[in-house]
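*Asks:* Here's a structure for you.
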Amino acid sequence: MNNQKQTKKPKNENEIRDEYLALQRRLSGSTRRLDVILIAVFLAFIVGFSAFVFLLPDKEFSEQENRYLQTFPSASSDFHGNLWERIMAGKFLDRFFAGKFTEEISDYLSDQFPLRDSFVGLKAGSEIALLKGENNDVLLGKDGYIIKRSDFPNADSLQKNIAALKDFSSAERAKGVEVTTALAGRSIDVLESKLPALFDPTGNRFILGKLESAMGEEPYIDLLLPLKEKADAGEEVYYRTDHHWTTLGAYYAYCEIAPALGIEPFALDSFKRVVASDAFYGTTWSSAGMKWVAPDELHFFRYEGDELFTVTEMEINKAFIEAQKKAENGEVSDVPLESIPYLSEKANGALPSLYDTSYLQKKDKYSAFLGGNKALVRVTWNDTPRETLVIVKDSYAHSLAPFLARHFDLLLVDLRYYTGSVSELIEQEDVKKLLFLYNVANLCDDTSLAAIN
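To convert, note that position 336 of the sequence shown is 316 in the numbering used here; the numbers rise steadily by one, no gaps.
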């Protein structure tokens, strides 16, 4: 009995509670130390990256996103004068108190954040892993397509732009100018067959009804349906990673527009399709952050003699402007106004022809067509006199221009940058044909067309 193991007396509740409290006290010190370490590491990470934002030089342009980035904003408006004069003029810290500085500093921190592109890609991957099917309003579609959503287009802007287009067209027709309007569909409408299976496109279609209503009896070429039919049949008429139509899509648009311009389109087999780049990542890819999506091929449709085009960035001749002002003031100009060319070549305005291949080495490869966005560009062929077509347009016209240039000399006008009068341009250049070419999305977003004169 003496060797028999004694049975342990069960602990009462007070003893158990005391032991638990003692254990908590022993662990609390190490837990607090761990919490402090984690907080310190987190704060060091935030402070370190924030310091990098302010210490590193600002990046003005993002090749990945093809847009200008927010640089460090000013808390005060531009003003020439000393501090007291600035204060009296209400220009000291005025942007800060108006809230503009705060808005822009938020954009600045977002745009200039170190390793921003990597974090954007990480976010996109996590969103897709969570089965959301999209990131930054870009849908991950079928067959490698990524498509920009357009849930809330600006219907008011659309109506104002269309009203201005109709008024201008009516005025030019009264002067004997043949006016044609062609409207390209948004990628989300043309590529409906490529949308995710569970995505309902019905909400995106309301703007198409608004467009039809706004146009009313104004004739126009609807490029949405014919290109949608091609896309439904499996043809690549819009890029998978960009919002523009492909060169093939531009060709089909050319075929739709040609009869209205009184021309016969050249057959597809009269062009030699050249792969200009097999590594084109468009603006949709840049904003989506879906780095795993494969690039597009960018094609040139070449034809005999297309290397003989002269492509020049133009501007209104300063000598013409001066002589015109003198005439309006009743003064006599040294040179008669009618003998002065209305347009002159802009300084360094000579472009490398229809294709600027230097852009093929950059992120913005679509700008290889006509060298990208310019206010006013003239296209002529081999010094041969031909009828001139004025195209008031957005960037969809850039890949279409080589097709139309087989028939006409071109004057391409981008109202986002051109500040002159289009009506005066048409009159002074003795133009009898005018084409409006816009993508529906730009009619909703851009306000420059509303100011056309």
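Glycine included, C-beta positions come from ideal geometry on N, C-alpha and C.
1) Measure from the alpha carbon of residue 132 to the alpha carbon of each residue in 433, 429, 427, 421, then state which is nearest.
2) Classify residue 282 as helix, strand or coil using the three-state DSSP reduction.
3) Mapping DSSP to helix, strand and coil, what is residue 141?
4) If I'm right that residue 170 touches residue 219 with Cβ under 8 Å, what's the distance once you round it to whole angstroms?
5) Compute the Euclidean distance between the alpha carbons of residue 114 and residue 176, then round it to the nearest angstrom.
6) So, are the CB atoms of residue 233 and residue 164 less than 8 Å apart?
7) If you follow the alpha helix (DSSP H) that residue 406 is part of, which residue opens it and which one closes it?
8) Once the 5 residues before and after residue 287 are set aside, which same chain residues still bring their CB inside 8 Å of it?
9) Using CA atoms only, rank isn't needed, just tell me which of 18, 146, 411, 367 is closest to residue 243.
10) So residue 66 and residue 59 are supposed to be a Cβ contact under 8 Å. How far apart are they, rounded?
11) What does the Cβ neighbour count give for residue 404, buried or exposed, with the cut at 16 atoms within 10 Å?
12) Return the chain-ordered list of same chain residues with a C-beta closer than 8 Å to the C-beta of residue 432, the five sequence neighbours on each side being excluded.
13) Among 251, 275, 139, 237, which has the Cα closest to the Cα of residue 345?
14) Give the secondary structure of residue 328 by DSSP, where H, G and I count as helix, E and B as strand, and everything else as coil.
15) How big is the Cα-Cα spacing for residue 356 and residue 397?
16) Can you tell me whether residue 385 is helix, strand or coil according to DSSP?
17) For residue 199 and residue 418, I'd like the C-alpha separation in whole angstroms.
18) Of the choices 73, 299, 327, 247, whose alpha-carbon is the least far from that of residue 283?
19) Rounding to the nearest angstrom, what Cα-Cα distance links residue 358 and residue 119 in this structure?
20) Based on DSSP bridge pairs, tell me the residues matched to residue 115.
21) Going by DSSP in three states, residue 258 sits in which element: helix, strand or coil?
22) Measure how close the beta-carbons of residue 379 and residue 265 come, nearest whole angstrom, since I'm counting them as under 8 Å.
23) DSSP on residue 217, reduced to helix/strand/coil?
*Replies:* In this structure, then:
1) Of the candidates 433, 429, 427, 421, the one whose C-alpha sits nearest the C-alpha of residue 132 is 421.
2) Three-state result, residue 282: strand.
3) DSSP places residue 141 in helix when its eight states are reduced to three.
4) With a contact defined as Cβ atoms closer than 8 Å, residue 170 and residue 219 miss out at about 11 Å.
5) Spanning the alpha carbons of residue 114 and residue 176 requires a straight line of approximately 10 Å.
6) The answer is yes: Cβ separation under 8 Å.
7) Note, residue 406: alpha helix (DSSP H), 402 to 408.
8) In chain order, 333 place their CB closer than 8 Å to the CB of residue 287, counting only its own chain and leaving out the 5 sequence neighbours on each side.
9) Residue 243 has its Cα closest to that of 367, out of 18, 146, 411, 367.
10) Going by Cβ atoms, the distance from residue 66 to residue 59 rounds to 5 Å, so yes, they are a contact pair.
11) That one is exposed.
12) When the five nearest sequence neighbours on each side are left out, the beta carbons in the same chain lying within less than 8 Å of the beta carbon of residue 432 are those of 144, 145, 148, 372, 395, 402, in order along the chain.
13) Selection 251, 275, 139, 237 evaluated against residue 345 yields 275 as nearest (Cα-Cα).
14) Strand.
15) Distance from the CA of residue 356 to the CA of residue 397, rounded to the nearest whole angstrom, comes to 8 Å.
16) Note: residue 385 maps to coil in three-state DSSP.
17) Residue 199 and residue 418: Cα-Cα distance of roughly 14 Å.
18) Per the Cα distances, 247.
19) Near 38 Å, if we compare the C-alpha coordinates of residue 119 and residue 358.
20) Its beta-bridge partners are 118.
21) The answer is strand: DSSP assigns residue 258 an E or B state.
22) Taking C-beta atoms under 8 Å as the contact rule, residue 379 and residue 265 fail to qualify, at a distance of about 18 Å.
23) Looking at residue 217 - three-state DSSP - the assignment turns out to be coil, as it is neither helix nor strand.
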